[in-house]
Amino acid sequence: MIHKRKKELRKKVQELRDSIDPEERKALSARVAGNLWSVPEFAEARTILFFISFRSEVDTLPMIRRALEEGKRVCVPCTEANDKSMVASRIMDLEEDLEMGNYNILEPKRDCLRPVNPDEIDVVLMPGVAFDLTGGRLGYGGGYYDRFLEKCSPGCQLIAVAFELQIVEHVPCADHDHHIHKIVTEKRVIECSAACSTAPIHSAGV
Numbered sequence: 082m083i084h085k086r087k088k089e090l091r092k093k094v095q096e097l098r099d100s101i102d103p104e105e106r107k108a109l110s111a112r113v114a115g116n117l118w119s120v121p122e123f124a125e126a127r128t129i130l131f132f133i134s135f136r137s138e139v140d141t142l143p144m145i146r147r148a149l150e151e152g153k154r155v156c157v158p159c160t161e162a163n164d165k166s167m168v169a170s171r172i173m174d175l176e177e178d179l180e181m182g183n184y185n186i187l188e189p190k191r192d193c194l195r196p197v198n199p200d201e202i203d204v205v206l207m208p209g210v211a212f213d214l215t216g217g218r219l220g221y222g223g224g225y226y227d228r229f230l231e232k233c234s235p236g237c238q239l240i241a242v243a244f245e246l247q248i249v250e251h252v253p254c255a256d257h258d259h260h261i262h263k264i265v266t267e268k269r270v271i272e273c274s275a276a277c278s279t280a281p282i283h284s285a286g287v
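In my numbering, the protein residues as written are 82 to 287.
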């Protein structure tokens, strides 16, 4: 039942996000970035795991570039499709260190991996299709992040970057789903209440 509800919600929100004009997406992404740097846990973090944006997601490449310029220890995922696992690998240069990887998403080049211990990561920037105010997150169904987060320290901050239209009333969640601490959109920074309810899916946007 949860699987079906997730699938339906994923389709609706992805269609909405895909409808954003590319120029508008660029402008909205810049606003998200500005709000992200206002979050103390992020601004003060030394080691950050960024996701590399894909298709109509919030554009994280300018964020990664800025973090590198500020001297932060920047990591990005390197995935293994066979066992649906991922490692955090440090990158030093966006142009030199990345190549097209699984799912047509940029990943660290395999010949220059710099693995970082998950418990050294201060902030994980979380991708996702939809989020709710309790910190519920609807991912893409692979489970990569849920498995990776089991290895992170309890103090690691989980921060989602998303467009406002990705915020819904309720994300159906299972016991293994990790909740987000904060969601940053182009309009606000949401402090999540971290409670998983069983309310039905409703949203003005989807």
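Idealized CB from N, CA, C, for every residue including glycine. Just so it is clear, the structure is predicted and the values come from calculations on it, not from any experiment.
Buried or exposed by the 16-neighbour rule on C-beta atoms within 10 Å, applied to residue i
i	result
F123	buried
Y226	buried
P281	Because the pLDDT at P281 is just 35, under 50, the model does not fix this residue reliably, and the point stays unresolved.
R108	In the sequence on display, residue 108 carries Ala and not Arg. So A108 counts as exposed.
Separation of residue j from residue i, as counted between CA atoms
i	j	result
F244	T160	25 Å
D174	H259	30 Å
I186	D178	13 Å
E104	A111	11 Å
Contact check, residue i vs residue j, beta carbons under 9 Å
i	j	result
I248	I261	no
R127	D200	no
V242	V155	no
R106	S137	yes
L219	K85	no
L149	I133	no
For residue i, the nearest candidate out of the options (CA to CA)
i	options	result
S274	F212, F229 and S234	F212
P208	L149, Q95 and H84	Q95
L214	C254, E188 and R228	C254
E231	Y221, G222, V205 and G216	V205
M167	E176, R191 and I145	R191
L246	P189, V197, G236 and K268	K268
Proximity test, residue i beta-carbon vs the ligand GDP heavy atom, cut-off 8 Å
i	result
S170	For the ligand GDP, the structure offers nothing, since it holds no ligand at all.
Can you give, in chain order, each stretch of the alpha helix (DSSP H) that sits fully within the segment 180-257 and has at least 4 residues? 225-230
Secondary structure, beta strand (DSSP E): runs of 3+ residues fully inside the segment 131-177: 154-161 and 166-171
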